[in-house]
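Data first, discussion second: the structure below is written as structure tokens.
In structure tokens, the structure reads:
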């Protein structure tokens with residue numbers, strides 16, 4: 001049963017299912033966000049160029065993040081069905097985005113290095129998971145990538161601030177609130193950790209001006225990554241001890 005601040009409560013299975021699938025729909029909306037930049041009228045596929053994109057990092061990070069979540073959720077499908085479904089869809093979407101980006105990017109060497117690094121990390125994690133007889137390593141890697149991915153909006157933060165800063169914060173905060181509640185119900189730390197970090201970040205950004213928000217965003221991203229890495233080291237220490 002979920003608990004917080006010393007209080008424990010029981011969640012009706014139907015309500016838990018509704019919250020979980022609502023989170024899936026919200027995340028799907030975020031996964032579809034890059035579609036316009038890749039397949040839209042002025043996207044990479046039409047222009048046959050990536051010059052209008054600030055960076056391709058989000059496509060690499062998102063694809064491998066979804067891949068790690070798929071492997072982690074596959075270890076307990078009954079408990080983690082919603083994360084498995086949405087990340088399977090997300091992996092397919094971001095694979096199409098990434099493939100198109102790699103076809104037209106000019107600096108192919110750096111992109112290939114990023115791709116090989118992701119594949120190497122996946123292979124190393126697979127070996128570690130096999131030796132430990134646990135897929136928890138993939139869950140923590142996914143948690144770290146979730147935190148690192150909070151850097152990616154900085155590439156387009158000027159446009160976001162000018163056009164729809166308030167609405168973006170509201171959408172992300174709502175999505176994270178639903179996934180936080182779902183993680184509490186399922187007692188899954190890899191799901192819960194990034195949600196807490198993201199909710200804290202959005203609450204901070206909503207109370208400041210756009211310029212202050214950019215500075216706080218950068219600081220909070222660094223702070224979130226530090227917390228995630230600290231959690232991994234702690235879990236490794238417990239596993240080895």
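Residue numbers (the UniProt record's numbering): 1 to 241. Ideal Cβ placement from N, Cα and C applies to all residues, glycine included. Keep in mind it's a predicted model, so treat the numbers as computed, not measured.
Going by alpha carbons, who is nearest to residue i out of the options?
i, options, result
"residue 37", "28, 48 and 120", "48"
"residue 50", "106, 133, 85 and 89", "106"
"residue 45", "138, 132, 101 and 133", "101"
"residue 21", "77, 85, 99 and 146", "85"
"residue 27", "90, 73, 52 and 71", "90"
"residue 145", "65, 127 and 33", "65"
"residue 62", "19, 95 and 108", "95"
"residue 70", "53, 92, 54 and 19", "92"
"residue 134", "123, 121, 75 and 88", "75"
"residue 68", "52, 99 and 122", "122"
Where does residue i fall in DSSP's three states?
i, result
"residue 108", "helix"
"residue 146", "helix"
"residue 29", "helix"
"residue 203", "The predicted model places residue 203 with a pLDDT of 48, which falls under 50 and marks its position as unreliable; any figure quoted below should be read in that light. Helix, per DSSP."
"residue 130", "helix"
"residue 24", "helix"
"residue 117", "helix"
"residue 36", "helix"
"residue 215", "For residue 215, the predicted structure reports a pLDDT of 45, less than 50, and the residue's modelled location is therefore unreliable. A value from the coordinates is still provided. Here residue 215 sits in helix by DSSP."
"residue 136", "helix"
"residue 75", "coil"
"residue 17", "helix"
"residue 54", "coil"
"residue 43", "coil"
"residue 62", "helix"
"residue 99", "helix"
"residue 125", "helix"
"residue 81", "helix"
Which residues in the same chain as residue i place their Cβ atom closer than 7 Å to its Cβ, once the five residues preceding and following it in sequence are excluded?
i, result
"residue 111", "56, 102 and 105"
"residue 24", "82, 85 and 86"
"residue 125", "137, 138 and 141"
"residue 97", "34, 38 and 59"
"residue 77", "84"
"residue 244", "In the structure as shown, the chain begins at 1 and stops at 241. Residue 244 is therefore absent and cannot be evaluated."
"residue 43", "36 and 37"
Among the residues of its own chain, which have a CB less than 6 Å from the CB of residue i, if the five just before and after it don't count?
i, result
"residue 17", "none"
"residue 253", "Because the chain here runs from 1 to 241, residue 253 falls outside it and cannot be looked at."
Leaving out five residues on either side along the sequence, give the residues of the same chain with a beta carbon under 8 Å from the beta carbon of residue i.
i, result
"residue 128", "137"
"residue 14", "none"
"residue 215", "Interpretation of residue 215 is limited by its pLDDT of 45, a score under 50 that renders its predicted location unreliable; the figure taken from the coordinates is listed afterwards. There are no such residues."
"residue 108", "102"
Please report whether the beta-carbon of residue i lies at a distance below 8 Å from any beta-carbon of chain B.
i, result
"residue 32", "Within the model displayed, chain B is absent; a lone protein chain is all it includes."
Please confirm if the stretch 116 to 134 is in contact with the stretch 52 to 59, defined as three or more CB-CB distances below 8 Å between the two stretches.
The stretch 116 to 134 is not in contact with the stretch 52 to 59.
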